[in-house]
Structures are given as C-alpha cells and as structure tokens.
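This report concerns only the one structure given below.
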Amino acid sequence: MSLLEVINLRVYYPITSGLLSKRIGEVKAVDGVCFKIMDGESLGLVGESGCGKTTIAKAIVKLEKPTGGRVIYRGRDINSLSKNEEREYRKEVQMIFQDPHASLDPRMTVGDAVEEPLIIHGVRDPEERRRRVEELFDAVGLEREHMRRYPHEFSGGQKQRIGIARALAVKPRLIIADEPVSALDISVQAQVLNLFMKLQKSFNLSYLFIAHNLSVIRNTCDRVVVMYLGKVMEMTDTEEIFRNPLHPYTRMLLEAIPIPDPQRRKKRTFPPAIPRRVIKGCRFWAQCSEASDRCRTEEPEMIEVGAGHYVACFKV
Ligand SMILES: Nc1ncnc2c1ncn2[C@@H]1O[C@H](COP(=O)(O)OP(=O)(O)OP(=O)(O)O)[C@@H](O)[C@H]1O
Ligand code: SF4
Ligand SMILES: [Mg+2]
C-alpha cells in the first residue's frame, strides 16, 4: 500500500478585480494531479517556478483547501480524519521550507525551537524533551553547546539543519521538503542533501522532495514527477528520467542543468512561457518544438509507456 496518494488534486485560486473584488477568473495552480509515495520512498517533484509545487505541498499538509480531488494517507482520506487521527497525521507528515531563516523565530533559542514541537505534541517530561533535543542535534550534525544560541548566530546551512531537527522531533514518517537547499550556497547544498539521505535511512523516512531543477533530485530521489503549469507531464524512476526522458519539457529541464562549459551554455535558448489564462490544448505547446495542430487544441492524456513510466504527450 502507498503511504500517501494524491488523486486528481485541483487547487484553483480566484482572480479578482476592482474595489468589490469581483471574481473575474481563476488560476488553476494545480489541475488534476495524481501520484503516489510508497513507504520509505523518496519522490521528487520538479518543475519551473509557478507550476504548482508548493500548492501541492500545502494541500497535503492542509494549509490549502483543495478545489477538488483527494489526498489519501495510509488508506484514509485526510479530510475525513477523527480528531485523534488528525493529530497523528499532523505529527507524521512534516514540512520543511525553502527559507530556513524565515521559518525560525528570531527570539527563540534554537534548542527551544527544536523542543517546541515536542511540547505541542504532549511530551510532558522536561528531562525526556532535553534528551530528545540533544539526540536530534547529534543526528543533524549540530553541536549540543549551540542549543542556547539564537538563529542569527548560524549560517544558512546550519539553520536548515535546525529546521530539519525541528521536523524530526515528532518522529514523522513523511517529510515534505520544499526546495530545502535552493536558498543555500552551492558549497553547502551537497552537505545538506547528504544529511537528508542519511536521515532517511536512520529514521526510516519517506520524502516528497520539491525542486525546480532536476540535478538536485538526481542523487536523492527514487522517482520523479515532472510538472508544468499545474499538470504532471512525466513520471518515472529517476534513473529512467536521465536515461530516457520522453516529454519535450523534461528534455528542456535536463538541458537547463548547469553545465560548467560556457561555450555549450551559450547555445541554449528557451522560448518564453505562455500566460496561464490562454491555455488551450497541451500546456506546453507554445514552448514545444515538436508541437502539431492537434497539440494546440487537444490536451494529451497521461499514458503508461513502459513499466511505471507515464507521459502526457501526443508524440510519445
Ligand atoms: N494564495 C494565492 N493566491 C493566488 N494565486 C496563488 C496563490 N498561491 C499561489 N498562487 C499561484 O499559483 C501558481 C502556483 O504557485 P506555487 O507557489 O504552487 O508554485 P511553485 O511551483 O511552488 O513555484 P516556485 O518554484 O516559485 O516556488 C502560481 O501561478 C502562483 O502565482
Ligand atoms: S503534446 Fe504536443 S505540444 Fe505537448 S509536449 Fe507533446 S508534442 Fe509538445
Ligand atoms: Mg514553491
């Protein structure tokens, strides 16, 4: 059984105008997305800015109410949980944000910040809490002596480690990491990614790992979901996406992976994205070099083209 399943998820935001905020349309931020995360799996969710990645994460952790579709966690719809189940769900599914600085309270010592979720979730014994916080500091590679310091005394990478320790405090099963390294220096990104991998084994975690760049998920994820303008374009094993990318958008994302050679870099050109409100047909047609007349009027369905390899494109 899958740990988490997203079924035909839709999140539309209203577009309003004028003093009375009249509704003149809607942004289909997420428009019929389906995927599963298996127990112990690390799933990458990749796509350019604005394609709906954070909106999906928010719908999963119930920060955003879906317009339609369902999220199933361990066989139960997350919208029909009892109070106790809801509390359990909020413990088991934790989110880590892109900006480690903004997610920490500047007036709270980092030790207190890691202890806070333990208090919220009812660990009453202060001794036990202190012991758990120390263990968490060890697990994420921070010095125990730093527990009494404040967030501004830490580097970006260290702050992200504190954010990870905070998420781990309540023993989650699934961590949703929304671009957890994109605010960090390139030199520390690999260290934090390695930490995620190490913790996955030692804490038996599953991940939904959000990134706008395929290189970040290459060594961290088992499978990848590639999104474009609120829809899934391709979904398969990470190895397969690098070996045999089938969707033109996935191929464009692969070309966008930074190349050290400036000569090769110069040759790349990306056509402009189309505005969201003029979508008709395949969402990618205005940027696609393989688009035909059909692509401009009809939307391709997602089909399975090989074992566990799904693509939404007429040309595949
Ligand atoms: N609260 C909101 N009200 C209206 N529109 C919103 C709201 N939140 C997001 N959107 C729109 O929904 C779309 C998807 O946004 P989302 O934040 O999910 O994208 P993203 O893939 O996470 O992008 P990024 O890589 O920049 O973080 C965007 O067009 C965004 O402008
Ligand atoms: S359906 Fe057409 S426009 Fe869309 S990605 Fe495939 S070839 Fe390109
Ligand atoms: Mg985002």
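Last residue of the sequence shown: number 437 in my numbering, and the count goes up by one each step with no gaps.
We put the beta carbon where it would ideally sit given N, CA and C, even for glycine.
From a predicted model like this one, the values you see are computed outputs, not experimental measurements.
Beta carbon proximity, residue i to chain C, threshold 8 Å
| i | result |
| --- | --- |
| valine 244 | Judged by its chain identifiers, the structure shown contains no chain C, having just a single protein chain. |
Residues of its chain near residue i, where Cβ-Cβ distance is below 7 Å and the 5 sequence neighbours each way are ignored
| i | result |
| --- | --- |
| glutamate 213 | Pro293, Arg294 and Leu295 |
| leucine 202 | Tyr210 |
| glycine 232 | Val254, Met268 and Arg269 |
| aspartate 152 | Arg131, Gly351 and Lys352 |
Cβ shell of residue i (< 8 Å), same chain only, five flanking positions each side left out
| i | result |
| --- | --- |
| isoleucine 297 | Ala178, Ile181, Val182, Val214, Gln215, Met216, Ile217, Tyr328, Leu329 and Ile331 |
| asparagine 340 | Leu314 and Met318 |
| cysteine 342 | Ser163, Leu164, Gly165, Tyr328, Phe330 and Thr359 |
Cα-Cα separation, residue i to residue j
| i | j | result |
| --- | --- | --- |
| alanine 150 | glycine 173 | 5 Å |
| arginine 389 | histidine 267 | With a pLDDT of only 48 at arginine 389, under 50, the local geometry of the prediction cannot be trusted, and the value read off the model is given with reservation. Rounded to the nearest angstrom, the two C-alpha atoms are 46 Å apart. |
| leucine 335 | leucine 141 | 42 Å |
| arginine 287 | glycine 262 | 13 Å |
| lysine 186 | tyrosine 210 | 16 Å |
| valine 309 | leucine 257 | 20 Å |
| serine 163 | proline 221 | 21 Å |
| cysteine 409 | glutamate 419 | 14 Å |
| cysteine 434 | aspartate 259 | 47 Å |
| leucine 374 | proline 247 | 49 Å |
| proline 366 | valine 426 | 12 Å |
| serine 413 | leucine 350 | 19 Å |
| leucine 305 | arginine 415 | 43 Å |
| asparagine 325 | leucine 125 | 15 Å |
| isoleucine 240 | methionine 229 | 14 Å |
| glycine 161 | glutamate 411 | 37 Å |
| glycine 168 | isoleucine 285 | 23 Å |
| glycine 154 | glutamine 219 | Correcting the residue identity first, residue 154 is valine in this sequence and not glycine. Their Cα atoms are separated by approximately 22 Å. |
| glutamine 281 | glutamate 264 | 14 Å |
| arginine 195 | arginine 364 | 32 Å |
| proline 238 | threonine 137 | 37 Å |
| glycine 243 | glutamate 422 | 47 Å |
| valine 337 | arginine 404 | 25 Å |
| threonine 357 | isoleucine 307 | 27 Å |
Same chain, Cβ closer than 6 Å to residue i, neighbours up to 5 away in sequence not counted
| i | result |
| --- | --- |
| glutamate 355 | Val347, His368, Thr371 and Val432 |
| proline 135 | Arg144 and Glu147 |
| glycine 190 | Ile128, Asn129, Leu130 and Arg131 |
| serine 276 | none |
| serine 123 | Lys157 and Met159 |
Neighbour-count burial assignment, residue i, 16 or more Cβ in a 10 Å radius
| i | result |
| --- | --- |
| arginine 197 | exposed |
| leucine 184 | exposed |
| valine 290 | The displayed chain sequence assigns alanine, not valine, to residue 290. By the 10 Å Cβ count, alanine 290 comes out buried. |
| alanine 234 | buried |
| aspartate 226 | exposed |
| lysine 352 | buried |
| glycine 139 | exposed |
| isoleucine 378 | exposed |
| arginine 417 | exposed |
| glutamate 300 | buried |
- Near ligand 2, which residues have their beta-carbon less than 5 Å from any of its heavy atoms, given in chain order? Every residue with a CB closer than 5 Å to a heavy atom of ligand 2 is listed here in chain order: Pro369, Cys403, Phe405, Trp406, Cys409, Glu411, Ala412, Cys416, Pro421, Cys434, Phe435 and Lys436.
- Message: Restricting to runs no shorter than 3 residues, where is the beta strand (DSSP E) found entirely within the segment 162-222?
- Response: Every unbroken stretch of the beta strand (DSSP E) spanning 3 or more residues and falling wholly within the segment 162-222 is given here in chain order: 163-167, 189-194 and 214-217.
- Task: Would you list, in sequence order, the uninterrupted alpha helix (DSSP H) runs of no fewer than 4 residues that lie entirely inside the segment 230-318?
- Result: Under the rule that a run must span 4 or more residues, the alpha helix (DSSP H) segments found entirely inside the segment 230-318 read 231-241, 247-260 and 277-289.
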